[in-house]
Amino acid sequence: MASNNQGNQGGKSNRGFASMDPQRQREIASEGGRAAHEKGTAHEFTSEEAREAGRKGGMARSANRRNAMSQGSGSSSHAGGSGSHGGSNSQ
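Quick note: the sequence shown uses the working numbering, first residue 7, plus one each step.
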């Protein structure tokens, strides 16, 4: 049954764009890009716009990493269990 679609691998659905052969996906995406440029609706970043987008992305990623690290270090101090409840194990 799954042999009908060459891009189908690992029990995935044999429907939709993601199940297609990667080469066919590139062809379709390329056609869309060319059509947008011909129509005049494609956006081309200036170097300044690209620089600003990269800066914002880098800032967001570093903030996410800081948050993940602070949450991870805070929860690991509670995981040990020994001595974390005011010395109740000392008797």
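Just so it is clear, CB atoms sit at the ideal spot from N, CA and C, and this is done for glycine as well.
Backbone CA spacing between residue i and residue j [nearest angstrom]
i	j	result
Lys45	Glu55	22 Å
Phe23	Gly63	27 Å
Asn20	Asp27	11 Å
Ala35	Ala59	23 Å
His49	Ala69	28 Å
Arg57	Thr47	22 Å
Ser25	Gln31	9 Å
Which of helix, strand or coil DSSP assigns to residue i
i	result
His49	coil
Gly60	helix
Gly87	Because the pLDDT of Gly87 is 49, which lies under 50, any placement of that residue in the model is unreliable, and the question is left without a value.
Exposure of residue i, with buried meaning 16 or more beta-carbon neighbours within 10 Å
i	result
Gln77	exposed
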